[in-house]
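Worksheet: the structure to be examined is printed underneath.
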Amino acid sequence: MLKASGLLILSRWRRKTTPSFSLPRFFGAVVFSLCFFLPKSVLGVKQELRFRKNGEFKILQVADMHYGDGKTTSCLDVFPNQMPTCSDINTTAFVERMIRAENPDFIVFTGDNIFGFDATDAAKSLSAAFQPAIASNIPWAAVLGNHDQESTLSREGIGGIKGSQFENKSALNLYFLDSGDYSTVPAIPGYGWIKPSQQLWFQRTSAKLRRAYMRQPEAQKGPAPGLVYFHIPLPEFASFDSSNFTGVRQEGISSASVNSGFFTTMVEAGDVKAVFIGHDHLNDFCGELTGIQLCYAGGFGYHAYGKAGWSRRARVVVASLEKTEQGGWGAVKSIKTWKRLDDEHLTAVDGQVIWSKRHAGIQWIVSLKDIHAEHVTKNK
């Protein structure tokens, strides 16, 4: 069976209504190895995502929830005084806090959503893990990690603002891929990797989107930026040290023992600006390699290994459109990111611009004071 891959194309106007979620059909999608789950859209009903009226599109990344059986599942790597009252419910509360604080346009769960060994009923645990996103009516997607199927469970883009000259063009492309769980080749130990069939799908899809974006009407000189989401890091994530990334690296890079060549495939395509993953909970850095930002989210879930005193965290990404000379909205001008910690104030850290249309390859520090001020205003 070919590994399935997903694409989401973002348009430039926010849709006011979101589709309902069908639980039985959702799990049918999992059984058929679809690697992303977007309510209704994977079932053939088009889900149209667009930028907000202010020219922004915000994505919340949640990595490694490791949800078990709810309130009966204890936390790992927290202080002793936290243990009596800490459970999966803390993970759920963190998701809910992030949704309220950031009000994202889209939520991405990047694998190990449940911890299969400790999930008595995997389907029920997945439903509980995703419930805050379902209840919010915010569109969301999820890729699988290596722990999701260790129990009873088997293993388009964002367009322009309506009325603008880019209404029917893809302004931002989101790719979702299944990086597998463990190697299925006896001679190769360790974790899985992105397969040739998936890379072929990516190459063809990326080429099609680039052609559409660079032709009339409103032909562009370069491709629309793309963001890629999956679970297990590529070997290239080991290319950084403390001098050339933003964030922290507190453990090794647990990639596959073979290099699938997918990083080179993305570089050759030319549209991917950043890759976002999970898997290694104590790493939360972003580093730029050959024009692509490689970013960890940091561990989110409380039933996942972590480090007592090092807050669980989530990553936020915002793409912003440029203003045209006529006063309308044009192409994506920049992509910025930061993380929020699950502390008293949902502290924002490590804000940075990871891509700019005018200054590709140059990074700026985002003012975290502005992010905090926006958060305070929203919650008054």
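First residue of the sequence shown? That's 1 in full-length UniProt numbering, and the numbers climb one at a time after it.
Virtual Cβ for every residue (Gly too), placed ideally from N, Cα, C.
This structure is a prediction, so every number in the text was calculated from the model and none was measured.
Residue i: CB within 7 Å of a non-hydrogen atom of the ligand MG
i, result
"Leu172", "This structure simply doesn't include the ligand MG, nor any ligand for that matter."
Buried/exposed call for residue i, threshold 16 Cβ in 10 Å
i, result
"Val185", "exposed"
"Gln216", "exposed"
"Arg313", "buried"
"Phe79", "exposed"
"Lys53", "exposed"
"Lys71", "exposed"
"Met83", "exposed"
"Lys208", "exposed"
"Glu102", "buried"
"Asp88", "buried"
"Ala119", "buried"
"Gly351", "buried"
"Leu200", "exposed"
"Gly309", "exposed"
"Ala93", "exposed"
"Thr290", "exposed"
"Ala135", "exposed"
"Gln326", "exposed"
"Arg211", "exposed"
"Thr85", "exposed"
"Ala128", "buried"
"Arg50", "buried"
"Thr110", "buried"
Where the alpha helix (DSSP H) containing residue i begins and where it ends
i, result
"Asp350", "From DSSP, Asp350 is part of no alpha helix (DSSP H) but of the beta strand (DSSP E) over 348-356."
"Thr91", "88-102"
"Glu56", "Looking at the DSSP string, Glu56 is not in any alpha helix (DSSP H); the run it does join, the beta strand (DSSP E), is 56-62."
"Gln126", "Note on residue identity: the sequence assigns Leu, not Gln, to residue 126. Where Leu126 is concerned, the enclosing alpha helix (DSSP H) stretches over 122-136."
"Phe202", "196-213"
First and last residue of the uninterrupted beta strand (DSSP E) at residue i
i, result
"Glu292", "In the sequence under discussion, the amino acid at residue 292 is Ile, which differs from the Glu named in the question. Note, Ile292: beta strand (DSSP E), 292-296."
"Ser320", "313-323"
"Lys333", "329-341"
"Trp140", "140-143"
"Thr73", "Looking at the DSSP string, Thr73 is not in any beta strand (DSSP E), and its letter there is neither H nor E."
"Leu234", "Counting along the chain, Leu234 falls outside any beta strand (DSSP E), and DSSP gives it neither H nor E."
"Leu289", "286-289"
"Val108", "106-110"
Sequence-distant residues of the same chain with beta carbon closer than 6 Å to residue i, five excluded per side
i, result
"Glu288", "none"
"Asp64", "Asp112, Gly278, His281, Gly299, Phe300, Gly301, Ala304"
"Phe276", "Gln61, Tyr229, Cys295"
"Arg340", "Ala314, Leu346, Ala348"
"Val317", "Ile59, Thr337"
"Ser334", "Ser320, Val353, Ser356"
"Ile194", "Leu177, Ser179, Ser260, Phe262"
"Pro235", "Ser255, Asn259"
"Leu227", "Leu174, Ala274"
"Ala238", "Ile253"
"Ser206", "Ala269, Asp271"
"Phe106", "Ile59, Pro139"
"Thr324", "Gly330"
"Glu56", "Val318, Ser320"
For residue i: DSSP bridge partner residues
i, result
"Gly226", "Asn173, Val272"
"Glu218", "Answer is none; Glu218 lacks a bridge partner."
"Tyr67", "Ile114"
"Tyr182", "Tyr191"
"Asn259", "Per DSSP, none; premise fails for Asn259."
"Thr246", "Cys286"
"Ile277", "Tyr296"
8 Å Cβ shell around residue i - same chain, five flanking residues per side excluded
i, result
"Lys307", "Asp77, Gln250, Leu282"
"Glu96", "Pro132"
"Ala331", "Phe166, Ala171, Gln220, Ala224, Leu321, Glu322, Lys357"
"Gly192", "Asn146, Ser179, Gly180, Asp181, Tyr182, Ser183, Thr184, Ile232, Ala256"
"Ser242", "Arg249"
Cutoff 7 Å; reference residue i; Cβ partners in own chain excluding five residues on either side
i, result
"Pro189", "Ser183, Ser257"
"Ile292", "Met266, Val267, Val272, Lys273, Ala274, Val275"
"Asp284", "Gly247, Val248, Tyr296, Ala297, Gly298, Arg313, Lys339"
"Ser125", "Tyr67, Gly68, Asp69, Ile114, Ala119"
"residue 385", "As displayed, the chain neither begins before 1 nor continues past 380, which places residue 385 out of reach and without an answer."
"Tyr213", "Lys169, Ser170, Gln220, Pro223, Ala224"
"Thr73", "Ser87, Asp88, Asp118, His303"
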